[in-house]
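Using this note's numbering, you'd call the opening residue of the sequence shown number 4 and step up by one each time. Worksheet: the structure to be examined is printed underneath.
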Amino acid sequence: MTSTKEHVDFLYKYHQIQSICAQLTKATQSCDHNAIPISFIRKRETSEVASNRQNLDQLPPSYMYSMIFKDTILEIDDDDDDDDAKSINTLVIYFRQQRIPEIQINFLQSNYHQKSPVWWYSKSMFLHSMLNRALRLLDMETMIKLGFFIRSLHLQLKQLHQEQSSNFQQAFTVYRGQELSQQDFQNLCNSKGGLLSFNNFLSTSKEKEVAMDFVNDSPHESTENVSVIFIMTIDQSTISTSNTP
């Protein structure tokens with residue numbers, strides 16, 4: 004018969020394990036959030052490219068590779084349902100090779116068409132982090148296998164923008180909290196007046212407090228990183244239509 008003391012000890016250890024799991028989950032999500040790749044393009048570089056297209060080699064390679072991939076991946080046609088099914092089956096095989104938990108793979112395979120691409124991307128599971136990692140490392144194998152999902156996500160975001168653009172006639176501000184390495188922070192400072200390219204699907208919030216939470220709740224404090232709040236003004240009158248994500 005279990006004594007009261009043994010029961011209390013068990014509950015204490017159980018809550019400790021829960022706390023550790025929660026901290027690990029939070030740390031993983033924070034690292035994934037902060038790992039969004041950024042290309043820094045100085046004002047001088049943008050001026051040189053604008054004056055002569057032959058100066059494209061002056062742009063950061065990561066930016067050029069990202070743009071080339073985006074242009075290429077969106078040219079593929081996914082209208083055929085059979086091709087879509089084949090892509091999902093191929094992706095499932097790849098997930099198993101990457102040792103993704105079988106329960107998560109089965110959930111995605113069974114429910115993929117019942118949920119929207121934005122729902123899948125926003126869900127806290129392996130798909131979001133795998134895509135971010137592939138885009139960050141320019142992992143072509145993973146990016147190609149996720150190509151049909153990238154296209155679906157891009158098309159849904161484009162549709163949502165068209166449907167909701169009339170609701171935002173006036174400029175508005177969104178925020179993003181992120182940690183940068185010392186080198187990236189210096190690159191950011193040196194790019195004043197130039198351009199920033201977030202080489203990924205970017206999550207922001209209209210609430211500054213939400214962005215602050217991402218830098219205030221960092222699981223680790225390090226002098227190697229700098230906490231930054233990006234403040235972005237979105238003006239519909241100056242936004243041009245893009246064919247790339």
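We put the CB at the ideal spot given by N, CA and C, even for glycine.
- Message: According to DSSP, simplified to helix, strand and coil, what is N114?
- Response: helix
- Taking C-alpha atoms, which residue in N219, F175, S184 and E182 lies nearest to S208? F175
- Task: Grab me the residues of W123's own chain with a C-beta within less than 7 Å of its C-beta, minus the 5 sequence neighbours each way, in chain order.
- Result: L130
- Message: Can you find the residues in the same chain that come closer than 6 Å, C-beta to C-beta, to L156, ignoring five residues on each side of it along the sequence?
- Response: P120 and Y124
- Going along the chain, which unbroken runs of the alpha helix (DSSP H) with 4 or more residues stay wholly within the region 62-101? 64-76 and 84-100
- Who are the near neighbours of N219 in its chain, counting only those whose CB is closer than 7 Å to its CB and skipping five residues on each side? none
- Who does R154 pair with in a DSSP beta bridge? Bridge partners of R154: none, in fact.
- Task: Report yes if the CB atom of T93 is closer than 9 Å to the CB atom of K148, and no otherwise.
- Result: yes
- For E144, the first and last residue of its enclosing alpha helix (DSSP H): M143 to K148
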